Amino acid sequence: MQKIRILGNNSLQLKGKVKISGAKNAVLPSIAASLLTEEKVKLKNIPLVKDVFTTLTLMKELGAEYNIKKKLLSIQVKKIRSDEASYELVRAMRASILVLGPLLARYGKAMVSLPGGCAIGSRPIDLHINGLEKLGASITLEHGYIKAEAKNLQGTEIEFEKKTVGGTENLIMASSLAKGETILKNCSLEPEVSSLCKLLAKMGAKIEGIGEETLRIKGVKELGGATHEIIPDRIEAGTYLIAGALTRGNIVLTHTQPKHMSTIIEKLKFSGAKIEKINNHSLRVIGSQEIKPQDITTSPYPGFPTDMQAQFTILMTQAEGT
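Just so we're aligned, residue 195 is where the sequence shown starts under my numbering, counting upward by one.
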């Protein structure tokens, strides 16, 4: 087993400059979106992480051809070879459910394993299913698989019962090739959702209201290729900010987007850290000798992200008071 050993001491301060990676949660739906066109899609600034390669393995099984040079991914699905996303791959990477909408929209059918096998309860997959059914898909659950068919998806009005990032992304992609207009209400506001919308717009999708809770999507007959840059990973950036605050260090983050991290930055400032905006893509964090306690409540964007809860909890173990 490979190990990483970190040797530190009580006086260790993290200092230096770090370039933030592309967001995993933005690149995965962007890869799935390549199923919507026969043409080549190029994605810049992709993070070279396991989930990306697992998704590409699935895409290859579905018929994709791709190559990666440094952090540029070129992917093309000239012909869909298979409509099945197997349990082994979906189990390894739950975001594989994002191929459901694109497969159904372009190919007319899809068979995707439930992320939890035969159980639906672990994640709100029902929001994906209910939305696709409202677009006209016929969906059954058999032996742990979602089997979906639709000769033609038809635009309609759909309101999500609760916020769902994956459900929003799946319905946006499916609606892009549906007949007529689809209105999606109570959409997730995460920057990764907006990033997907911007990619689809470059591919020829007609989407109004990007970045808002209500999206209007006018379906088109086909989508084309596009080049798109993946947004910076706000969770990675937030983790480095907390590391700087925790060690009373001085860290500069480059290739980030501070506007996506306003809640994280606000909480860190309240805890005593000094955070400077160098420019629109760079931040500096300077830790304080005195860390002040803060209460946090996680919530969907623009609230405090659940994926930052563990890191902030560690910071609070060093705070004075409760």
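Beta carbons: idealized from backbone N, C-alpha and C, even for Gly. Quick caveat: nothing in here was measured; it's all calculated off a predicted structure.
Q.
Please state whether the Cβ-Cβ distance between glutamate 278 and methionine 253 is less than 8 Å.
A. Residue numbering aside, residue 278 sits at position 84 when the sequence shown is read from its first letter. Residue numbering aside, residue 253 sits at position 59 when the sequence shown is read from its first letter. Cβ atoms of glutamate 278 and methionine 253: not closer than 8 Å.
(Q) Strictly by DSSP, which residues pair up with glycine 216? (A) Residue numbering aside, residue 216 sits at position 22 when the sequence shown is read from its first letter. The partner list for glycine 216 (beta bridge, DSSP) reads Pro426.
Q) Excluding sequence positions up to five away, which residues of its chain have a Cβ less than 7 Å from the Cβ of cysteine 391? A) Here residue 391 refers to the residue found at position 197 when the sequence shown is read from its first residue. For cysteine 391, where only same-chain residues beyond five positions count, the Cβ hits under 7 Å are Ile366, Ile401, Ile404.
Q. Looking at C-alpha atoms only, which residue of Phe354, Ala467, Val414, Met455 is the closest neighbour of alanine 439?
A. Indexing the sequence shown from 1 puts residue 439 at position 245. Checked all of Phe354, Ala467, Val414, Met455; the closest Cα to alanine 439 is Ala467.
Q: Below 6 Å CB to CB, which residues in the same chain sit around alanine 395 once its five sequence neighbours on both sides are set aside?
A: Looking up residue 395 in the sequence shown gives position 201. The answer, listed in chain order, is Ile401.
**Q.** isoleucine 490 and lysine 461 closer than 8 Å at C-beta
**A.** Within the sequence shown, numbered from 1, the residue matching residue 490 stands at position 296. Within the sequence shown, numbered from 1, the residue matching residue 461 stands at position 267. In this structure, lysine 461 lies closer than 8 Å to isoleucine 490 by Cβ.
Q) Taking one C-beta from the stretch 258-274 and one from the stretch 322-342 each time, how about it: are there three or more such pairs within less than 8 Å? A) no
Q. Given 8 Å as the limit, is there contact between the stretch 229-249 and the stretch 469-484, that is, 3 or more CB pairs closer than that?
A. no
Q | Rounded Cβ spacing between leucine 222 and threonine 251 (contact assumed at less than 8 Å) | A | By 1-based counting over the sequence shown, the position of residue 222 is 28. By 1-based counting over the sequence shown, the position of residue 251 is 57. That pair is no contact at about 13 Å.
Q.
Beta-carbon within less than 7 Å of methionine 287's beta-carbon, same chain only, minus the 5 sequence neighbours each way: which residues are those?
A. Residue 287 sits at position 93 when you count from the first residue of the sequence shown. Closer than 7 Å at Cβ, skipping near neighbours: Asp245, Thr248, Thr249.
**Q.** alanine 420 (DSSP reduced to helix, strand or coil)
**A.** Along the sequence shown, read from residue 1 onward, the residue named residue 420 stands at position 226. Three-state DSSP puts alanine 420 in a strand.
Q) In the structure shown, what three-state DSSP assignment does glutamine 505 receive? A) Here residue 505 refers to the residue found at position 311 of the sequence shown. If DSSP states are grouped into helix, strand and coil, glutamine 505 belongs with the helices.
Q) Candidates Gln488, Ser493, Asp501: which alpha carbon is nearest threonine 516's? A) Here residue 516 refers to the residue found at position 322 when the sequence shown is read from its first residue. Ranking Gln488, Ser493, Asp501 by Cα distance to threonine 516 puts Gln488 first.
Q) Based on Cα-Cα distance, which residue from Ile319, Ala399, Glu406 lies nearest to asparagine 380? A) Within the sequence shown, residue 380 is the residue found at index 186, counting from 1. Of the candidates Ile319, Ala399, Glu406, the one whose C-alpha sits nearest the C-alpha of asparagine 380 is Glu406.
Q.
Comparing C-alpha positions only, which one of Leu201, Leu298, Thr362, Arg478 sits nearest to arginine 410?
A. If you number the sequence shown from 1, residue 410 lands on position 216. With distances taken between Cα atoms, arginine 410 lies closest to Thr362.
Q: Report the three-state DSSP secondary structure of glycine 438 (helix, strand or coil).
A: Within the sequence shown, residue 438 is the residue found at index 244, counting from 1. Of the three classes helix, strand and coil, the one that applies to glycine 438 here is helix, per DSSP.
**Q.** Endpoints, beta strand (DSSP E) assigned at asparagine 261
**A.** On the sequence shown, position 67 is the one that residue 261 refers to. Run containing asparagine 261: 259-263, per the beta strand (DSSP E) assignment.
Q | Collapsed DSSP secondary structure at glutamate 255 in the structure displayed | A | For the purposes of this step, residue 255 is taken as residue 61 along the sequence shown, with counting starting at 1. If DSSP states are grouped into helix, strand and coil, glutamate 255 belongs with the helices.
Q.
Which of the three DSSP states is assigned to isoleucine 377 in this structure?
A. As a working mapping, residue 377 is identified with position 183 in the sequence shown. Looking at isoleucine 377 - three-state DSSP - the assignment turns out to be strand.
Q. Going by Cα to Cα distance, which pick from Ala226, Ser307, Lys486 is closest to glutamate 514?
A. In the sequence shown, residue 514 corresponds to position 320, counting from 1. Nearest of Ala226, Ser307, Lys486 to glutamate 514, Cα basis: Lys486.
Q: Return the Cβ separation of glutamate 384 and valine 359 in integer angstroms, given the expectation that the two are a contact with Cβ distance under 8 Å.
A: By 1-based counting over the sequence shown, the position of residue 384 is 190. By 1-based counting over the sequence shown, the position of residue 359 is 165. Yes, glutamate 384 and valine 359 are in contact; Cβ-Cβ is about 5 Å, under 8 Å.
Q: Hey, could you find the ends of the beta strand (DSSP E) isoleucine 305 is sitting in?
A: Position 111 of the sequence shown, counting from 1, holds the residue named residue 305. The sequence given here has methionine at residue 305, not isoleucine. Residues 303-307.
Q: Determine the direct distance from the alpha carbon of proline 426 to that of isoleucine 291, and round the result to whole angstroms.
A: By 1-based counting over the sequence shown, the position of residue 291 is 97. By 1-based counting over the sequence shown, the position of residue 426 is 232. Straight-line Cα distance between these residues: approximately 23 Å.
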